[in-house]
Amino acid sequence: MSGQGIGQVLLYCALLVALAYPLGLWMARVYTVPRLPFAALENGFLRLVGGRREQSWKSYAKTLLIFSAAFSVVVYGIQRLQAHLFLNPDHLGAVPSHIALNTAASFVTNTNWQFYGGESTMSYLTQISALAVQQFVSAAVGMAVLAAVIRGISRRSASELGNFWMDLYRSMFYILLPLTLVLAVILVSQGVPQTFSGHATAKTVEGVAQTIARGPVALMVAIKQLGTNGGGFFNANSAVPFENPNGLTNLLELLSILLIPAAQVFMFGKMVLQRRHAWMVFAAMFAMFAIGLAIALPSEQHGSQVLRASGVNIIQGHGQSGGNMTDKEVRFGIANTALWATATTDASNGSVSGGHDALTAGGGAVPLVNIFVGEVIFGGVGSGLYGMFFYILIAVFVAGLMVGRTPEYLGKKIEAREIKYAAVGALFVPTVALALTAMSVVTHSGLASIYNPGAHGFTEALYAYTSQTNNNGSAFAGYGATSFSAYFGAIAMYVGRFVPLLAALAIGGSLAAKKTAPVSAGTFRTDGPTFAVLLVGVIVLTAGLMVFPALTLGPIVEGLMH
Amino acid sequence: MARTATKLFTREIVLAAIRDSFPKLDPRLQVKNPVMFIVELGSAITTGIFFIDLARGHNSELWFVGAIAVWLWLTVLFANFAEAIAEGRGKAQAASLRATRTTTVARLRDGREVPAAELQRGDVVLVQAGDVIPADGEIIEGIGSVDESAITGESAPVIREAGGDRSAVTGGTKLLSDHLVIEVTQEPGKSFLDRMIALVEGAERRKTPNEIALNILLAGLTITFVAAVVTLRPFAIYAHTAVSQTILIALLVALIPTTIGALLSAIGIAGMDRLVQRNVLAMSGRAVEASGDVDVLLLDKTGTITLGNRQASEFIIVDGVNPAELAEIAQLSSLADETPEGRSIVVLAKEAYGIRGRELAPHEATFVPFSATTRMSGVDFDGRKLRKGAADAVKKFVEEQGGRTTAQLDEAVNRVARSGGTPLVVAQDNFVLGVVHLKDIVKGGMNERFDELRRMGIRTVMITGDNPITAAVIAEEAGVDDFLAEATPERKMALIKEEQAMGRLVAMTGDGTNDAPALAQADVGVAMNTGTSAAKEAGNMVDLDSNPTKLIEIVEVGKQLLITRGALTTFSIANDVAKYFAILPAVFAFTYATKAGQRGPLDALNVMHLGTPKSAILSAVIFNALIIPALVPLALRGVKYRAIGATALLRRNLLIYGLGGVILPFIAIKLIDLIVHNLLGA
């Protein structure tokens with residue numbers, strides 16, 4: 033590993049904290065103050081959807097589910113009809129139904145799993161009105177839910193969690209849209225295309241005509257990074273120079289992956305007036321991020337035994353990062369690609385700047401585990417922190433007992449109801465991921481998707497279903513689209529999104545109704561380093577124990593063999 | 020009843036518990052505990068496999084399947100044993116209680132005689148000295164000394180009398196002197212003794228809210244581990260490895276939190292049992308749990324924080340009187356005074372000035388006892404009138420004799436009052452000699468106890484009828500955090516509600532009928548056994564020793580209960596790491612091997628270097644079973660509670676039960692494997 037590589041990682045971390053903290057404070061304002069600038073527009077919107085009356089968790093959840101179902105239909109419809117609609121300069125045909133369904137599920141659930149090559153399958157209309165719009169909307173849904181859950185934690189003896197429409201509107205127009213515009217403008221200035229013209233044709237030096245795909249790329253890249261979406265305009269995602277032309281854009285796109293999820297931790301601290309606690313949650317997340325990176329980075333630098341024995345020069349040298357450069361952009365080298373792979377799977381992002389399929393066993397295990405723990409290492413926008421609450425509740429419950437009080441979290445007693453929802457929230461998704469993987473590795477239709485033989489192929493399948501159930505969207509590129517994998521993938525994405533989401537809302541509703549007990553010397557403090565260590569321990573133990581057998585047959589055995 | 024902590028295991032209890040372990044195998048009982056139910060199901064299936072293999076003559080793995088089946092059954096039996104032994108200790112106590120229950124014939128006031136068991140609420144019975152009191156009731160006539168050792172274990176008799184707060188008697192106790200007329204206050208079969216027996220037997224045991232929550236978490240983890248194990252088979256098929264059902268079941272049982280699942284109910288029963296050993300009866304497990312959460316402790320001043328009575332602490336002279344003279348007159352005026360205050364004056368006079376008690380008989384002495392109207396007491400002696408009493412009363416007395424009081428006296432009186440004491444003015448005829456300072460004496464060691472409570476995070480509030488000045492001084496001296504002066508039952512109630520509104524849990528003790536509403540309102544209300552039956556009905560615990568400082572111990576027991584639950588849950592889950600490292604390399608020892616018959620790459624995970632795959636799996640299962648009885652003593656005794664602050668306590672317990680739980684099974688499984696593999700040749 034080069035000093036330059038380490039320097040880049042440290043710069044990244046410093047910038048992340050420096051940007052996330054003020055953003056978090058702004059976001060806390062967005063979700064708490066009654067009036068924000070341009071209130072007239074908001075009032076107009078809210079009048080249109082039925083006012084700003086606060087909702088109980090059930091009513092909030094109902095509105096959200098109907099809203100998401102409606103958008104699923106819209107996204108599916110547009111894909112199927114795109115051949116007959118406008119903004120289709122390259123005359124692309126209708127998207128096949130299994131792909132369209134998978135894609136609808138994928139974008140409504142903020143997953144952005146892509147069983148298609150963007151530039152060659154989706155018309156501009158589809159890319160913008162179906163996919164890019166969902167990249168905003170689905171991100172805003174997650175953010176809205178988090179705001180509602182946090183209100184549940186901070187309120188006492190209340191039954192309402194807020195208004196879904198208002199939270200949605202504010203997430204989009206006061207957080208996502210401004211940030212996206214800023215990032216898009218910078219990306220355009222660095223050479224990322226933003227156009228509605230069809231593909232360009234160029235003559236190469238050999239005199240051959242070459243088709244160059246382009247389109248409204250900058251906007252889509254900006255939101256795919258900021259909204260933990262990950263679905264790029266191009267098939268090869270952020271490895272393509274048109275999505276990610278240089279070092280500056282790479283740094284900015286990397287920062288955008290974790291920016292909002294990290295800021296939400298500070299937002300939480302501000303909203304519940306527990307900044308020290310928020311810092312400890314941040315510390316736990318950051319520690320796990322750092323551990324992942326500390327495994328992935330050296331693994332990639334060291335390369336695999338096969339690679340080392342092949343005679344390829346993997347020595348680090350001048351202008352050469354060395355290491356396992358298979359499926360990596362020479363422009364970004366080992367450090368940036370490993371950092372991207374770690375961050376994009378810590379968050380529920382799933383955008384890539386290199387091929388995950390070609391990562392070494394250690395480098396590939398890190399993204400897999402990151403996703404498997406439920407993407408709570410910063411995680412998806414909104415979903416990361418509300419997913420973390422499940423683990424926090426379990427940690428507080430078990431450890432809280434050990435200080436000799438019935439457990440409480442931020443003054444609220446944790447009882448059977450909360451534990452039930454937390455257990456569902458934390459344990460349901462990994463269970464589904466394992467079940468779907470199991471099905472796909474022993475059925476003919478499931479095996480058809482696997483590209484590589486042996487342990488690596490197993491990892492592809494495990495990664496595919498882990499990624500989809502957890503709404504990440506990145507893939508070990510080998511995993512192919514069949515109707516089997518498309519339909520089961522759609523199911524995986526829907527349950528993976530909405531079961532934890534509803535569990536989180538239910539916890540918010542349940543906590544809101546409780547009284548708050550004051551802190552005493554006998555209270556288990558959640559604002560010290562002991563809590564951060566405990567939280568990491570609980571995540572590693574609960575999720576780790578579940579995935580360990582599968583890991584053994586995937587990356588671990590692969591690492592031991594090669 | 021057990022007076023001191025009995026030995027954890029006696030031969031009889033252990034033997035009875037072993038006997039009781041078998042009927043508990045009934046699946047209808049097991050299903051209440053999902054974790055152990057899964058184990059039982061696994062045991063049944065492996066047993067089935069064993070017999071099918073036996074019938075088919077598959078002999079290669081037969082011993083292995085049989086051994087796994089045996090150890091799985093043992094796991095269930097160990098869990099049953101843990102519960103049975105916790106119940107058994109209660110049963111032994113119940114049996115000794117039952118022995119004291121009486122089949123006495125009760126004499127009604129109208130002369131009829133009926134069996135005690137048929138007494139109805141409202142019946143009035145007559146009890147003579149030497150009789151066993153037939154039922155719980157209130158004394159409506161008479162006074163007598165009662166031997167309550169059957170209930171409390173305390174052999175010294177106590178006085179019970181009609182009216183006031185000492186009028187309750189308990190069925191099964193024995194009247195030693197005099198005779199009493201008692202009105203029965205219980206329904207048949209619902210006496211205090213009946214309830215006590217039911218409680219210690221655990222017959223009324225319901226799962227507490229926290230137990231339910233923990234059970235949900237354990238069930239969730241179990242389902243998840245079922246998924247992890249069930250999916251392992253397809254995963255193994257993909258990797259061309261055969262995994263037998265026996266191995267999958269063994270892995271599942273090893274992974275699910277059997278340790279805590281097996282010990283959970285034993286921990287709950289033992290918690291109640293520990294209270295019983297401290298002579299406290301909790302009416303529900305919920306109350307025991309709540310006592311661990313108490314934030315505020317309301318303690319009565321008199322008898323709890325201070326010794327029952329005020330004592331003389333100082334003689335203050337006025338107007339240049341000789342101090343020894345004041346002491347002497349004060350002593351003379353108190354010689355006949357049998358109140359504790361009077362006696363303390365005599366003691367102080369002797370200690371401070373060496374004035375010894377004198378025989379007044381030769382002299383012409385007339386005692387003037389204290390009365391509420393004169394508010395003085397004293398002695399008329401050799402024509403002298405010696406008096407001591409409340410300042411204004413004595414001043415009036417002196418002035419009536421033609422004397423005068425000075426500003427110096429007022430100053431001395433005020434000084435004593437300001438310091439929280441009670442001034443007692445001493446006079447001879449028309450002349451005031453000075454003031455005796457009567458003071459509340461704080462019991463020894465209270466300061467330390469309150470410090471300890473503070474470290475537990477519990478605030479103590481002293482409740483007293485004194486004026487705020489007096490209360491503040493004693494509060495300061497005793498080291499309580501707060502006080503409620505001039506307390507009335509209404510103000511006490513208001514204080515509890517106020518604290519509860521702020522989200523705090525309140526505990527209090529009480530004995531009087533006027534305490535009953537507050538006892539009912541408090542989250543933990545401990546009624547004194549000497550108290551009225553109204554108080555005992557209202558509280559959710561009864562302290563048989565009637566010791567108000569018992570609350571502190573009750574809180575500790577509640578905390579211990581929760582800590583033990585948390586510690587064993589953590590331990591149980593932490594154990595899984597080692598079990599994975601024992602079983603997975605064993606299962607996949609030959610997976611992806613380069614040459615047939617050779618160990619594959621995953622053998623590298625066999626960090627414990629366990630003998631063979633079969634011995635490894637068997638060792639993990641044996642460890643999983645043996646850890647249950649090994650932890651029974653801990654479950655029954657409880658993890659020790661230390662008032663070292665929540666964070667320090669958590670860190671300590673996480674190190675012991677979390678980190679310890681990760682490390683210990685690595686060592687233990689290795690040792691078991693050494694025996695199983697090297698000695699038994701598996």
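Protein sequence lines, in the order shown, are assigned to chains A and B. Heads up: the first sequence begins at 33 in the numbering used here, then just goes up one per residue. Heads up: the second sequence begins at 20 in the numbering used here, then just goes up one per residue. Glycine included, every Cβ here is placed at the ideal spot set by N, Cα and C.
With a threshold of 9 Å between beta-carbons, can residue i be considered close to chain A, or not?
i	result
R584 of chain B	yes
V695 of chain B	no
N229 of chain B	yes
F685 of chain B	no
E308 of chain B	yes
F56 of chain B	no
N466 of chain B	no
A21 of chain B	Low confidence applies to A21 of chain B: its pLDDT is 39, below 50, so where it sits in the model is not reliable, and the reading given next is rough at best. By this cut-off, A21 of chain B is not an interface position.
I256 of chain B	yes
Excluding five sequence neighbours on each side, which residues of the same chain lie with their C-beta closer than 6 Å to the C-beta of residue i?
i	result
F520 of chain A	L468
T358 of chain A	A390
S552 of chain B	A187 and T204
N134 of chain A	F147, A518, G521 and A522
At a Cβ threshold of 9 Å, is residue i touching chain B?
i	result
S161 of chain A	no
T555 of chain A	yes
S552 of chain A	yes
F580 of chain A	yes
R437 of chain A	yes
P532 of chain A	no
V473 of chain A	yes
Here's a check: name, in chain order, each residue in its chain whose Cβ is nearer than 8 Å to the Cβ of residue i, leaving out the five neighbours to either side.
i	result
S104 of chain A	A136, A137 and V140
N278 of chain A	Q222, G223 and R363
V62 of chain A	L68, R202, S203, Y206 and I207
V106 of chain A	A162
R128 of chain B	V143, V144, L145 and V200
By alpha-carbon positions, which one of the options ends up nearest to residue i?
i	options	result
A132 of chain A	A:T143, A:Q337, A:P121 and A:Q111	A:Q111
D470 of chain B	B:K689, B:I663 and B:T192	B:I663
A615 of chain B	B:T189, B:H259 and B:P652	B:H259
L178 of chain A	A:H231, A:R308, A:M299 and A:L80	A:M299
A135 of chain B	B:L270, B:S210, B:R214 and B:I159	B:S210
A310 of chain A	A:T584, A:D559 and A:N504	A:D559
L533 of chain A	A:G355, A:G174 and A:L566	A:G174
G443 of chain A	A:T158, A:K452, A:L425 and A:A454	A:L425
G247 of chain A	A:E151, A:S506, A:E590 and A:V401	A:E151
R478 of chain B	B:R468, B:L683, B:N486 and B:G484	B:R468
A254 of chain A	A:L466, A:M303, A:G387 and A:N381	A:N381
A506 of chain B	B:P46, B:R293, B:L317 and B:L270	B:L317
Which same chain residues, not among the five before or five after residue i, have their C-beta less than 7 Å away from its C-beta?
i	result
E518 of chain B	V315 and V525
Contact criterion: CB-CB distance below 9 Å. Does residue i meet it with respect to chain D?
i	result
P587 of chain A	The structure shown contains no chain D; its protein chains are A and B.
Hey, is residue i close to the ligand MG, as in C-beta under 8 Å from one of its heavy atoms?
i	result
S332 of chain B	No copy of the ligand MG appears in this structure; indeed no ligand is present at all.
* At least 3 beta-carbon pairs within less than 8 Å: the stretch 284-296 of chain A vs the stretch 371-381 of chain A -> yes
* To do: Let me know the alpha helix (DSSP H) ranges lying completely inside the stretch 128-199 of chain A, each 4 residues or longer, listed in chain order.
  => 129-140, 150-153 and 165-186
* Counting Cβ pairs, one atom from each stretch, are 3 or more of them under 8 Å apart for the stretch 538-552 of chain A and the stretch 181-196 of chain A? -> yes
* Sequence ranges, alpha helix (DSSP H) only - wholly within the stretch 484-508 of chain A, length at least 4 -> 486-501
* Asked: At a cut of 8 Å, does the stretch 244-262 of chain B reach the stretch 34-54 of chain B through at least three beta carbon pairs?
  -> no
* When the Cβ atoms of the stretch 349-360 of chain B are set against those of the stretch 486-502 of chain B, are three or more pairs found closer than 8 Å? -> no
* Contact between the stretch 87-97 of chain A and the stretch 318-335 of chain A (3+ Cβ pairs under 8 Å) -> no
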